[in-house]
Amino acid sequence: MEDKIKGINTICTHVGEIEDKQFGGAISPIYTSTSYAYIDAEISRYPRYSNTPNQEYLCKKIAALEETETAMILGSGMAAISTTLLSLLSSGDHILFQNDIYGGTRNLAEAQFDRYGIEFSFTEGLEVSDFEKEIRDNTKVIYIESPSNPILKIVDIKAVAQLAKSRNILSAIDNTFATPVIQKPSTMGIDIVLHSATKYFGGHSDICAGAVATSEDLKKTIWSLSKNLGGSLSDYTVWLLERSMKTLVIRVKAQQENAMKLSKYLYDHNLTKTVYYPGLTTHENHDLAKRQMNGFGAMMSFEFDDSIDVNSFLKSLELIKPSMSLAGVESTMLVPAETSHHLLKQEDRLKQGITDNLIRFSVGIEDTEDIIQDIEQAIVKATNK
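For the numbering used here, add 1300 to where a residue sits in the sequence shown, where the first one is 1.
So this is what it looks like as structure tokens:
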């Protein structure tokens, strides 16, 4: 039946569920065992191998959503990213990163890769030509993130994938902000799709997980390292994640609808200096986003003018939570310079457009009128008299 399912809501609801043959329950049972029979068994199941029943079936859901051959789950988004990259790169290899990426990913390269003899560099811009001129003879991977964290820059995914293939280079993307609800990079030629499943896949700010969606061959390479590093998930967390993903489309679409309204509200506000949201026609990559995305997502960032004290504004919020992470059903805000990108040098942050006053806004499912009212009252309290 699963191979006949096409609708994304149906995939979220039914693909990857485990049939309760014993009692006929409506939801997947949890298999919490850490020890499985091995004599005459078709699969040697072990939690660290990411192949317990709950792990195996959740991966089917993720692969179906991303339209890849298979998938893997790991203990966090950074576990997925680090395990993938370290499995594909060896001493003497080079990886080319898009300049605008999550701070943790950039810090992984800058803090660790030299130890392994892995070369890395960052593009100056986001045009395909910017990637092409940085390719070296030893480049093995091109890594992108679109929309980017936190400025919401958009990369031409198909063009980068084609460039990589023409040079026999693997391509990888962090698809956390978009989710497969909004874009499916594998259909545009990307080899490896990565997620912080903590975010929209989990969606309720109570799960930490990572995901890799790719081909069977590449999964074998990544898995061979992952089982040694041991970044696996407990089956209870896996079960929670599978439960949460049933409502992925409903949540993302509601959040996206709110984000469109709130981006226009912030853009029109007389105390707002800048709004970064690809759904706005003023966004530099708006036309590209329209071509390759099914919507514009629920993340944005913005800056007030100098009359607003940012820390006072965040502390004055009553409904929106000044909180780490993103993509829960509740709206949250944070200052990337102090959180997600604080490990970057200030010059590198500013080069990406991440000022000390930039606010990242993860839009939730609340009524937009209530969110706007909360922003307005916080502005009044934070305005420099």
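C-beta: ideal position from N, C-alpha, C; glycine also.
DSSP state of residue i mapped onto helix, strand, coil
i	result
residue 1436	coil
residue 1686	Outside the shown range of the chain (1301 to 1685) lies residue 1686, about which nothing can therefore be said.
residue 1455	coil
residue 1660	strand
residue 1460	helix
residue 1680	helix
residue 1487	helix
residue 1533	coil
residue 1667	coil
residue 1423	coil
residue 1675	helix
residue 1472	strand
residue 1381	helix
residue 1363	helix
residue 1445	strand
residue 1637	helix
residue 1685	Note that residue 1685 has pLDDT 48, beneath the 50 cutoff, so the model's placement of it is unreliable and no number is given.
residue 1512	strand
residue 1308	helix
Contacting residues, own chain, Cβ-Cβ under 6 Å from residue i (five flanking each side not counted)
i	result
residue 1546	1312, 1313
residue 1480	1365, 1366
residue 1320	1329
Contact belief for residue i with residue j at Cβ below 8 Å, rounded distance in angstroms
i	j	result
residue 1499	residue 1476	5 Å
residue 1458	residue 1425	Residue 1458 to residue 1425, Cβ: 18 Å. No contact.
residue 1492	residue 1464	Their Cβ separation, rounded to whole angstroms, is 11 Å, which puts residue 1492 and residue 1464 out of contact at 8 Å.
residue 1635	residue 1663	Actually they are not in contact, since the Cβ atoms of residue 1635 and residue 1663 sit about 17 Å apart, beyond 8 Å.
residue 1671	residue 1580	So it is not a contact: roughly 17 Å between Cβ atoms.
residue 1361	residue 1603	Rounded, the Cβ-Cβ distance is 38 Å, inconsistent with contact.
residue 1556	residue 1598	5 Å
residue 1502	residue 1379	About 14 Å separates the two Cβ atoms, so there is no contact after all.
residue 1533	residue 1375	6 Å
residue 1554	residue 1600	No, residue 1554 and residue 1600 are not in contact; Cβ-Cβ is about 15 Å, not under 8 Å.
residue 1417	residue 1387	Contact doesn't hold; Cβ gap of about 15 Å is too wide.
residue 1679	residue 1566	About 11 Å separates the two Cβ atoms, so there is no contact after all.
residue 1433	residue 1400	Going by Cβ atoms, the distance from residue 1433 to residue 1400 rounds to 17 Å, so no, they are not a contact pair.
residue 1411	residue 1420	Not confirmed; about 11 Å, so no contact.
residue 1652	residue 1451	6 Å
residue 1595	residue 1482	5 Å
residue 1504	residue 1544	6 Å
Top-ranked residue by Cα proximity to residue i, from the options
i	options	result
residue 1371	1652, 1447, 1512	1512
residue 1564	1409, 1575, 1571	1575
residue 1435	1422, 1447, 1446, 1445	1422
residue 1329	1449, 1348, 1658, 1358	1358
residue 1430	1444, 1568, 1438	1444
residue 1605	1337, 1683, 1466, 1616	1683
residue 1335	1438, 1352, 1319, 1623	1352
residue 1495	1508, 1340, 1397	1508
residue 1613	1631, 1625, 1659	1659
residue 1448	1677, 1648, 1656, 1578	1578
residue 1677	1608, 1655, 1627, 1666	1608
residue 1478	1437, 1305, 1552, 1428	1552
residue 1628	1656, 1661, 1437	1661
residue 1427	1407, 1460, 1414	1460
residue 1668	1631, 1648, 1548, 1655	1631
residue 1438	1413, 1467, 1356, 1462	1467
residue 1309	1622, 1549, 1582, 1337	1549
residue 1305	1446, 1363, 1398, 1325	1363
residue 1649	1407, 1510, 1592	1407
residue 1398	1474, 1343, 1337, 1326	1474
Own chain partners of residue i with C-beta closer than 7 Å, once the 5 adjacent residues on each side are dropped
i	result
residue 1519	1370, 1372
residue 1440	1388, 1389, 1393, 1394, 1395, 1469, 1470
residue 1588	1454, 1456
residue 1638	none
residue 1384	1472, 1492, 1494, 1512, 1522
residue 1674	1617, 1618, 1619, 1620
Own chain residues within Cβ distance below 8 Å of residue i, not counting five before or after
i	result
residue 1487	1367
residue 1354	1318, 1328, 1330, 1331, 1535, 1538, 1539, 1542
residue 1622	1614, 1615, 1632, 1633, 1634
Check: residue i C-beta below 8 Å from any heavy atom of the ligand COA
i	result
residue 1424	Although the ligand COA was asked about, the structure shown includes no ligands whatsoever.
Exercise. What alpha helix (DSSP H) runs, 4 residues minimum, are completely inside the stretch 1561-1625?
Worked result: Listed in chain order, the alpha helix (DSSP H) runs fully inside the stretch 1561-1625 are 1586-1592, 1610-1616, counting runs of at least 4 residues.
For this session: Please list the segments of the beta strand (DSSP E) lying wholly inside the stretch 1383-1411, counting only runs of 3 or more residues, in order along the chain.
Result: Listed in chain order, the complete beta strand (DSSP E) runs (minimum 3 residues) inside the stretch 1383-1411 are 1394-1397.
For this session: Output the residue ranges of the beta strand (DSSP E) runs that lie fully inside the stretch 1317-1343 and measure 3 residues or longer, sorted by chain position.
Result: Within the stretch 1317-1343, no run of beta strand (DSSP E) at least 3 residues long lies entirely inside it.
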